[in-house]
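Note that full-length UniProt numbering has the sequence shown beginning at 1, numbered continuously upward. Ideal placement from N, C-alpha and C gives every residue a C-beta, glycine not left out. Since this is a predicted model, take the numbers as computed values, not measurements. Presented below is the structure to which this report refers.
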Amino acid sequence: MTDPDRSPFLYVVVCAAGVAADVGTLITAAQERNWEVGVIATPHAMNGFFDAEAVRARTGRPLRSAWRRPGEPRPFPAPDALVLAPATFNTVNKWAAGIADTLALGTLCEVAGLGVPIAVLPCVADALAAHPAYRESVARLRGMGVRFADPYGGQAGEDGGRPQFGWERVLDLLDEDRR
1 MTDPDRSPFL YVVVCAAGVA ADVGTLITAA QERNWEVGVI ATPHAMNGFF DAEAVRARTG
61 RPLRSAWRRP GEPRPFPAPD ALVLAPATFN TVNKWAAGIA DTLALGTLCE VAGLGVPIAV
121 LPCVADALAA HPAYRESVAR LRGMGVRFAD PYGGQAGEDG GRPQFGWERV LDLLDEDRR
């Protein structure tokens, strides 16, 4: 439950996909909707997929990608909601299988068990989205109450341009809980 003296807190989990470079768009959109934001990235996403310093500056909070040591304070309050964007094939499948071998996956598994609203914006090529394991993982996560936006494959159109990722769609999936 949200403390009335603070804005609701949103965990943003970021995976290694090319569109992650624009995760600031999601952070800004969330802040405009009165969310405080904390970002957790997969270890691969930390390898140059987005500007970590810009994320720290935009959120005013540390960027997390590794487990904290025993006795270290929690850098974020408990989440009021979580978004996974961009969500990759690998992360969705590992999460659905209950694998928690990174902070990002451990957080996804734990938050799902808390009953906190979760929304996912997949960035998965059409061929991978058609894979039986991915379809089963999405079905399993939906069965747990996780909301999914349509996947973004990023395929270039006839004009060579790529469609927009549509970061705000994942926030729209959470809006029904905030009304």
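- In the DSSP assignment, Tyr11 falls within the unbroken beta strand (DSSP E) covering Phe9 to Val14.
- If you draw a straight line from the Cα of Gln31 to the Cα of Ala130, it is about 34 angstroms long.
- Taken in chain order, the complete alpha helix (DSSP H) segments of 4 or more residues contained in the region 44 to 80 are 52 to 59.
- According to DSSP, residue pairing for Val83 in a beta bridge involves Val12 and Ala119.
- Taking C-alpha positions only, Arg64 is separated from Leu121 by approximately 20 angstroms.
- Classified as buried, Glu168 has 16 or more neighbouring CB atoms from the shown chains inside 10 Å of its CB.
- Burial check for Pro70: the Cβ neighbour count within 10 Å stays below 16, so the residue is exposed.
- Distance from the CA of Ala97 to the CA of Ala112, rounded to the nearest whole angstrom, comes to 13 angstroms.
- When secondary structure is reduced to three states using DSSP, Ala149 falls in the coil class, being assigned neither helix nor strand.
- Look at Gly106 here: in three-state DSSP terms it is helix.
- In the three-state scheme derived from DSSP, where H, G and I count as helix and E and B as strand, Ile40 is classed as strand.
- Annotation for Leu128: Phe89 and Tyr134 place their beta carbon closer than 7 angstroms to its own, counting only its chain and skipping 5 residues before and after.
- It is roughly 25 angstroms from the alpha-carbon of Tyr11 to the alpha-carbon of Glu136.
- Rounded to the nearest angstrom, the gap between the Cα atoms of Gly145 and Val116 is 9 angstroms.
- In this structure the region 20 to 39 lies against the region 52 to 60, because at least three pairs of beta carbons, one per stretch, are closer than 8 angstroms.
- The criterion of a C-beta distance shorter than 7 angstroms is not satisfied by Val124 and Ala149.
- For Arg6, the three-state secondary structure derived from DSSP is coil.
- Per DSSP, Val19 lies in no alpha helix (DSSP H) and is assigned neither H nor E.
- Judged by beta-carbon spacing, Ala87 lies beyond the 7 angstroms limit of Leu173, meaning their Cβ atoms are not closer than that value.
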